[in-house]
Structures are given as C-alpha cells and as structure tokens.
Amino acid sequence: MKVLLTGAAGQLGQALLAARPAEVEMIATSRSGGAGMMALDLGDSSACRAAVLEHRPHWVINAGAYTAVDRAEGEPELAHAVNAGAPVAFARALAETGGRLLQLSTDFVFDGTQGSPYRPEQPVNPLGVYGASKAAGETAAQQLLPAQSLCILRTSWVYGPVGNNFVRTMLRLHRERAASGQPLLVVADQVGCPTATPGLAQACWAAAMQGTGGIHHWCDAGAASWYDFAVAIGEIGTAAGLLPQAADVRPITTTDYPTPAQRPSYSLLDCITTRIALGLDAQHWRKALTEVLQMHKEMGAGE
Ligand SMILES: NC(=O)c1ccc[n+]([C@@H]2O[C@H](COP(=O)([O-])OP(=O)(O)OC[C@H]3O[C@@H](n4cnc5c(N)ncnc54)[C@H](OP(=O)(O)O)[C@@H]3O)[C@@H](O)[C@H]2O)c1
44 MKVLLTGAAG QLGQALLAAR PAEVEMIATS RSGGAGMMAL DLGDSSACRA
94 AVLEHRPHWV INAGAYTAVD RAEGEPELAH AVNAGAPVAF ARALAETGGR
144 LLQLSTDFVF DGTQGSPYRP EQPVNPLGVY GASKAAGETA AQQLLPAQSL
194 CILRTSWVYG PVGNNFVRTM LRLHRERAAS GQPLLVVADQ VGCPTATPGL
244 AQACWAAAMQ GTGGIHHWCD AGAASWYDFA VAIGEIGTAA GLLPQAADVR
294 PITTTDYPTP AQRPSYSLLD CITTRIALGL DAQHWRKALT EVLQMHKEMG
344 AGE
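Converting from the sequence shown to the numbering used here requires adding 43 to each position, the first position being numbered 1.
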C-alpha cells in the first residue's frame, strides 16, 4: 500500500513514521523537505494535486496543517489555504486516481456549548479561524469524494515526545516556577481530552489498513481541564525523574487568560463508534501521558 503523508515533520507525522506498518510504501512530505522527505507546500494547491497525480498513492494521510490557533486569527487567508485548500486539492486529485484521503481534523470545529461529548455526525460550528478552516476542509472533501474514499478523523489536545506542545511547555514552566517559588496559573474552565501521538498514530494506521471511511473521533479516554493536565504533568514528571519538583499549579478562568482565538469551553469528542469501528481501545489520558513522559526521559528531552 502506497501512502503519501503530509506534515511528516510534525508531532503526529513523526509518530506515523515511527509506527509505519511494514507493508506501507511511504512518501513522506514536509514543508521544506530534507531528511528523506519530499518538499510539499500545503498552501500550493497545484503542488498538492501534482504530488497525487505523480505518485498515485492509495491513501493521502493529511496530517500537515496550519495549527497556530491564535496566529490564525490574523492570517485567515493562509490558514484557509493550508487547512481547506490542501484537502480540496487532494480530494479532487484522488477522485481522479481512485485513492483515498485520511483528513485529520479537530475538536475546534465545535463551539463547545453542548455540555456533553460531540458525536461524529453532529453539525459543526467553529468559533475561530483555525476551526473554521479545518471545518471548511472537511466539508469540501466530503463534496468531492465518495464516503468510502474519505476518512475524517477528529482529535483533540495533541501532544507527543517531539514538537511544540502543552506538555513540553509545562515541563519547562514547572521547572522554572518551582525554582523561583512562583505559582503556575493554568485555565481550569476549558474541558477536553489530551491525546498522545502514539495512540493517535495507531488509530490512523488502523483506519488506513482497514479502508475505513466516514467521520470519526479519536482521543485518549477520560476528560480533563488544562489545569488538571498541568497538575498531572507535574506529578508524573516528578515521579519519572524529569522534574526535581512540581510547581504550585493554581486554577484560573479563561477570562483571566485572554487569547486572540476563542476556544470551545467543552470540546470532548465521543469516540465510542470509532473505537468499535477500528477495533481499538484508547488508554486513559494519564496512562498515555505517563508513557510519553517516559519517552521524553529516554530521549533525554525533558527540556
Ligand atoms: N496539535 C493539536 O493539539 C491538534 C488538536 C486537534 C487536531 N489536530 C490536527 O492534527 C493534525 C496533526 O497535528 P500536529 O499536532 O501533528 O501538528 P504540528 O505538530 O503543528 O504539525 C503540523 C505540520 O504541518 C506543517 N505545515 C504547516 N503549514 C504547512 C505548509 N504550508 N506546507 C507544508 N507543511 C506545513 C508544519 O510544518 P512547520 O513546522 O514547517 O510549520 C508541521 O510540521 C493536524 O491536522 C491538526 O489540525 C491537532
């Protein structure tokens, strides 16, 4: 099976490369190429189309994205070009070649006002530019590809052992604040679910290998606020020997920490139908966090 992967240098892309099934012939792409990767700018629709027509992959796994949620508010054209333009170009080309698209998407397509987990078939209503651009990519791809040729996999609060993410930032802040005696203030009124890249990559590969179509949700199990997540990073990071001690984490509200992009306050995704469809169980997020922090330690990458 031939797979064209975008965003191969990103968090999920790296986990997908690490977990690549032996039978997969991989064409890994990143924005600038190098390190065995082909250069592919997701903002260039012609280049996305040409890559599909040249390589004729069975699947495009579109893990690349404009993921800077706050910056997107000031760069809506670029966010839409990458997050909607690329899936449109891939979908159009794949409709011609007979290939399939695995489009990664996000809990930010929902407004977070429902108060119970969002099911895959529920209507989207994004709050900000990033969520709107991802939702536009989903919708357009659905119009261009038959259901069995398109798998939309939404996830949330992604982190892994490499890349920029909340866990790496919190490890640094725990270390700095514990040393200075300053508290670490973290938002406690946004609830979602942290999702580790190794499990998410496993779900992506299961979907590709099984030829899964439709809209799906994959997150680790359980729920957390950013405050809960930060406390757990301190506790587990200390127990793992990554931190000399945890900082004093204190809860604050979203209004205490204004950001350019409005975020959904409750963006849990209902993943049950996806777990059944893929035949995979998700780990509780604390267990997945423990494993990722162990990977940090083994890589000597605690910051
Ligand atoms: N991170 C999250 O919390 C989260 C939550 C829900 C869903 N998702 C979705 O999950 C997927 C994987 O996310 P991730 O966490 O792995 O993101 P990531 O670490 O930010 O990786 C995204 C990759 O896309 C690349 N990229 C951005 N613009 C590009 C362009 N114009 N051309 C080529 N490559 C470009 C980035 O390259 P540069 O580094 O050069 O910019 C980066 O390597 C994305 O579809 C994202 O929308 C993420």
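Virtual Cβ for every residue (Gly too), placed ideally from N, Cα, C.
- Residue 177 sits buried, since 16 or more C-beta atoms from the chains shown fall within 10 Å of its C-beta.
- Here residue 161 has 150, 153, 260, 310, 311, 312, 313 as same chain residues with Cβ atoms under 8 Å from its own Cβ, once five neighbours each way along the sequence are excluded.
- Note on geometry: alpha-carbon atoms of residue 140 and residue 273 lie some 46 Å from one another.
- By the Cβ neighbour-count rule, residue 96 is exposed, with fewer than 16 other Cβ atoms within 10 Å of its own.
- Taking a C-beta distance under 8 Å as the contact criterion, residue 80 and residue 46 do not qualify as a contact pair.
- Per DSSP, the unbroken alpha helix (DSSP H) holding residue 241 starts and ends at 240-253.
- Look at residue 109: its beta carbon is less than 7 Å from one of the heavy atoms in ligand 1.
- Counting along the chain, residue 237 sits inside no alpha helix (DSSP H), nor does DSSP assign it H or E at all.
- The residues 170, 171, in chain order, have a CB closer than 7 Å to that of residue 305 in the same chain once the five nearest residues on each side in sequence are set aside.
- Classified as exposed, residue 65 has fewer than 16 neighbouring CB atoms from the shown chains inside 10 Å of its CB.
- Take residue 249, set aside five residues on each side of it, and the residues of its chain with a beta-carbon closer than 6 Å to its own are 321, 323, in chain order.
- Comparing alpha carbon positions, the residue from 292, 294, 330, 222 closest to residue 283 is 330.
- Comparing alpha-carbon positions, the option among 339, 159, 242 lying closest to residue 55 turns out to be 242.
- When the alpha-carbon of residue 238 is set against those of 333, 90, 91, 252, the nearest one is in 333.
- Within a 10 Å sphere around the beta-carbon of residue 89 sit fewer than 16 other beta-carbons, which makes this residue exposed.
- Closest option to residue 144, judged by alpha-carbon separation, among 124, 203, 101: 101.
- With respect to residue 210, residue 335 sits close: the two C-beta atoms are nearer than 8 Å.
- The three-state secondary structure of residue 97, taken from DSSP, is helix.
- Between the alpha carbons of residue 316 and residue 339 lies a distance of about 32 Å.
- In the pairwise beta carbon analysis, the segment 285-293 is classified as touching the segment 213-224: at least three pairs are separated by under 8 Å.
- Residue 327 sits exposed, since fewer than 16 C-beta atoms from the chains shown fall within 10 Å of its C-beta.
- Annotation: the continuous beta strand (DSSP E) that includes residue 292 extends over 292-295.
- 53 is the residue among 61, 53, 189, 228 whose C-alpha sits nearest the C-alpha of residue 72.
- Taken from the Cβ of residue 54, at least one heavy atom of ligand 1 lies inside 7 Å.
- In chain order, 55, 58, 59, 61, 62 place their CB closer than 8 Å to the CB of residue 244, counting only its own chain and leaving out the 5 sequence neighbours on each side.
- Membership of residue 338 in the alpha helix (DSSP H) is indicated by the continuous run 328-342.
- DSSP places residue 46 in the uninterrupted beta strand (DSSP E) bounded by 45-49.
- Assigned with DSSP and collapsed to three states, residue 310 falls in coil, not helix or strand.
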